[in-house]
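Q: Here the protein sequences line up with chains A and B, keeping their order. Okay, so the first sequence: first residue is 1 according to this note's numbering, each after it adds one. Okay, so the second sequence: first residue is 1001 according to this note's numbering, each after it adds one. Idealized CB from N, CA, C, for every residue including glycine. Next up is a structure, given as structure tokens.
Protein chains: 2
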Amino acid sequence: MAGYGLIRVGEHWNKSLRHLGAEVYLDLVSRVGEVKINKVYVSSLFAAESSHQYLFAPLLADHLGLEHVPATRVEAGDASGGIAVHEAFLSIKSGMFDSVLVIGAEKMTEHVASISTESRAKLLDSKYESPHGLTLAGTYALMMREYMDKYSVPREAFGMFSVEMHKNAVNNPYAQLRFPITLEKYFESPTTADPLKLYDCAPISDGAAALLLTSLDYGKEISDSLVEIKASSAATDNFSIIDRDSILELKSTSKALEEALSEAKVKRRNIDVLEIHDSFTIAAFLSLESLGFSQKGKTHELVLNNYFSKDSDLPVNPGGGLKARGHPMGATGVYQLVESYMQLTGEAGHFQVPDPKNILVQNMGGTGSITAVHILSRIE
Amino acid sequence: MAGYGLIRVGEHWNKSLRHLGAEVYLDLVSRVGEVKINKVYVSSLFAAESSHQYLFAPLLADHLGLEHVPATRVEAGDASGGIAVHEAFLSIKSGMFDSVLVIGAEKMTEHVASISTESRAKLLDSKYESPHGLTLAGTYALMMREYMDKYSVPREAFGMFSVEMHKNAVNNPYAQLRFPITLEKYFESPTTADPLKLYDCAPISDGAAALLLTSLDYGKEISDSLVEIKASSAATDNFSIIDRDSILELKSTSKALEEALSEAKVKRRNIDVLEIHDSFTIAAFLSLESLGFSQKGKTHELVLNNYFSKDSDLPVNPGGGLKARGHPMGATGVYQLVESYMQLTGEAGHFQVPDPKNILVQNMGGTGSITAVHILSRIE
């Protein structure tokens, strides 16, 4: 990884999807200069719904002035960003490309075509889940209720996780919800899908992020701030929660993690920061357990003991995570990787964690139907 | 390429998108056995519109029983199939995967959500083209009128191309329009977007095709019928025809072709069969010219002299092409590559061309915003 571009997550009513993409590309160029780009990957989940656009990857490549450069759009739900970077990684590995640009861009607020609960429900099984009224939040609510019942978990733990994310986001200039919340505020917030409260859920967001991947040789030519992708892996699970042995295990995450650790030849204890997919607080808890950084049903104890706080030994989502940085679905994975790049190159400013060497990034689609895991390392 | 699965293109009202995908996978398994699969790519343009399904790649992987296998959906308009194979090719090249399955699957007829002219117009620029009433067929109609005027081309030439495609499709058991047409019938057909007649246009289609890509070593283990992908390339052009120097040049095609020839180290004269993207007859003419197999404005002369007939030295679309095999948009590129694989392994039955060694396959998105080109060679 050799460079990045970002725009603050938020409600960008006055900017089109291509505008967001162009803005982060220009931000990237302002940092690394006008470098050679051989290939583009674009991750955008809702381009056809919110912006009436198929072929958004070639459109964006043209809009950026990248003449004739091949451009592929990747769709993997809200794991689109992580999967796009995974595909970009493979294309560099193939030896056919030196320099590959990934742009994640998403519009969820749009005057006549804002992304609805029904649109998001297309992330569920269109035969066995969504037609029966199940929604994305509704599915996570089922998981949360089961989790709370099975392990006698107090709500405070979920609230504290949310409080922590908001606290982190205050220091991240690119975050959407840059305000602290209290446990009281969490409890007072409306119920979205019982037992989920508003502050258990990531917001509706627009945003875009750009990441430049290069071969090591070309990277050295153009940048002094390189980060190594030590592992890039992906795995799927039974699509519908109905088919899973347990709705409290995210097997796509544990499988992708296992492969990433073996590919990177690192141990869990070498990981200094975790960047996880907290689309809902329960998603965060289950992710931490499926990644093996917390025991089953014990995450609340760690959270209540500030084990994952920004100033702990194992900070989780120092930029505020999906919960408070925001969750522009198709772009989220790219944000996660860009923020981790910033941490490893010491560019994270007020949300910088002291001196991290290895960061693990987990990006999940839907209810965990697919997960992308990356392990990033500082180049000494 | 080590194996394939197919279903006849048509109107599959009683089959869901996942059903189509499963059927071609089972067809593939019946040919090559239950082989190892490390990764899946899925190309389907309209999954979210016709089947209310995001994350269709992980869904299909699960539906096929491919436990935990990573699965990526690629969207590049009606070039999705060719681009999916391109990405699969890169992932094999990366050395990280031995055996990669590509499934193209498309439903364009669906009881409550058939794909409309408006849906297809999302293949145009959502800011400068479609909002002003331009449609996909309308854009090709502009190209056709300009072509006919500029080069004084008789309509017969377009008609004859269509007649030829229908003739070829009669012998292809997987083709949708397995009936011959006459020039008279062509002229009598209704006008869709002047000057396009119905028989200038590919039909609305459902369909699915599966293709297995492997490393050479693993391919030898599992199959006696291997085909080499000598080149796999992609390129983009100015997205909107408004921005192009000429609306009669498909620069994404000429650029991708140029790269493919240099990658494969073959000359045009070594190509024995052309498989081209004839979504409209004018698209075929411009493709042949942009690929350099015909001079600008001269294609009609070659067509009228049967230069591209199935029994000529340079057959074009011996299976009937998009025009008559059908055009299930996201799956089309996979069909093209599967049919070419069948030709090179001598499995094309009644639509077999005698003894081809090299086949060139061109698959285009929208109005030529992106093109994938493959050069396939028999392994002696």
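For residue 76/A, write down the residues that DSSP places opposite it in a beta bridge.
A: 78/A
Q: When Cβ atoms are compared, which residues of the region 1031 to 1050 of chain B fall closer than 8 Å to chain A?
A: 1045, 1048, 1049
Q: For residue 373/A, write down the residues that DSSP places opposite it in a beta bridge.
A: DSSP lists 233/A, 362/A as partners of residue 373/A.
Q: When you measure from the CB of residue 1133/B to every non-hydrogen atom of the ligand MN, does any distance come out below 7 Å?
A: Among the components of this structure there are no ligands whatsoever, and the ligand MN is therefore not found.
Q: In the DSSP output, what is residue 1338/B paired with across the bridge?
A: Its beta-bridge partners do not exist; DSSP assigns none.
Q: Between residue 1223/B and residue 1002/B, which are expected to be in contact by the criterion C-beta below 8 Å, what is the C-beta distance as a whole number of angstroms?
A: 4 Å
Q: By DSSP, does residue 1378/B sit in helix, in strand, or in coil?
A: strand
Q: Looking only at its chain, what residues have a beta carbon closer than 7 Å to the beta carbon of residue 28/A, apart from the 5 residues adjacent to it on each side?
A: 3, 4, 5, 210, 212
Q: Excluding the 5 residues flanking residue 1015/B on each side, which residues of the same chain have their C-beta closer than 6 Å to its C-beta?
A: none
Q: Using a Cβ cut-off of 8 Å (strictly closer), state whether residue 1190/B contacts chain A.
A: no
Q: Which same chain residues end up closer than 7 Å to residue 39/A when comparing Cβ atoms and leaving out the 5 residues on each side of it in sequence?
A: 69, 70, 91, 97, 100
Q: Under a CB-based cut-off of 8 Å, is residue 73/A close to chain B?
A: Yes, residue 73/A lies at the interface with chain B (some Cβ there is under 8 Å from its Cβ).
Q: Any beta carbon from chain A within less than 8 Å of residue 1287/B's own beta carbon?
A: no
Q: Can you tell me where the beta strand (DSSP E) holding residue 103/A begins and where it ends?
A: For residue 103/A, the uninterrupted beta strand (DSSP E) run begins and ends at 99 to 106, by DSSP.
Q: Considering only residues of the same chain and omitting the five flanking positions on each side of residue 1341/B, which have a CB-CB separation below 6 Å?
A: Within its own chain, the residues whose Cβ lies closer than 6 Å to the Cβ of residue 1341/B, once the five positions on either side in sequence are excluded, are 1001, 1004, 1227, listed in chain order.
Q: Could I get the ranges of all uninterrupted beta strand (DSSP E) runs contained in the region 1167 to 1223 of chain B, with 3 residues as the minimum, in chain order?
A: 1191 to 1193, 1207 to 1214
Q: Just the Cα atoms here: how many angstroms apart are residue 124/A and residue 282/A?
A: 17 Å
Q: Helix, strand or coil for residue 1119/B? Go by DSSP, reduced to three states.
A: helix
Q: Would you please state the rounded distance, in angstroms, between the beta carbons of residue 1046/B and residue 1106/B? I believe it to be under 8 Å.
A: 6 Å
Q: Taking only the alpha-carbon atoms, compute the straight-line gap between residue 1202/B and residue 59/A and give it to the nearest angstrom.
A: 24 Å
Q: For the beta strand (DSSP E) holding residue 1040/B, just list the boundary residues, first then last.
A: DSSP places residue 1040/B in the uninterrupted beta strand (DSSP E) bounded by 1039 to 1043.
Q: With a Cβ-Cβ cutoff of 8 Å, do residue 145/A and residue 190/A count as a contact?
A: no
Q: Here's a check: name, in chain order, each residue in its chain whose Cβ is nearer than 7 Å to the Cβ of residue 980/B, leaving out the five neighbours to either side.
A: Limits of chain B in this structure are 1001 at one end and 1380 at the other, which puts residue 980/B out of reach.
Q: Against chain B, with Cβ distances strictly below 8 Å, would residue 395/A count as a contact?
A: As shown, chain A starts at 1 and ends at 380. That puts residue 395/A outside it, with no answer to give.
Q: Identify which residue in 1375/B, 1320/B, 1304/B has its Cα closest to the Cα of residue 1256/B.
A: Distances from the alpha-carbon of residue 1256/B to those of 1375/B, 1320/B, 1304/B put 1375/B closest.
Q: Of all the beta strand (DSSP E) runs that stay within the bounds of the region 1129 to 1170 of chain B, which reach a length of 3 or more residues?
A: none
Q: Should residue 351/A be labelled buried (16 or more other beta-carbon atoms within 10 Å of its own) or exposed?
A: The residue in question, residue 351/A, is buried, as its Cβ has 16 or more Cβ neighbours within 10 Å.
Q: Beta carbons nearer than 9 Å to chain A: which residues of the region 1115 to 1144 of chain B have them?
A: 1118, 1119, 1120, 1121, 1122, 1123, 1124, 1125, 1126, 1127, 1130, 1131
Q: Below 7 Å on C-beta distance, what does residue 1238/B contact in chain A?
A: 62
Q: With DSSP as the reference, label residue 1307/B as helix, strand or coil.
A: coil
Q: Contact criterion: CB-CB distance below 8 Å. Does residue 1108/B meet it with respect to chain A?
A: no
Q: Could you run through the region 361 to 372 of chain A and flag, in chain order, every residue whose CB is less than 7 Å away from some CB of chain B?
A: 365, 366, 369, 370
Q: Would residue 163/A be called buried (16 or more neighbouring beta carbons within 10 Å of its own) or exposed?
A: buried
Q: Once DSSP output is grouped into helix, strand and coil, what is the label at residue 1347/B?
A: Residue 1347/B falls in the coil class under three-state DSSP.
Q: Suppose you measure from the CA of residue 141/A to the CA of residue 279/A; what does that come to, to the nearest Å?
A: 12 Å
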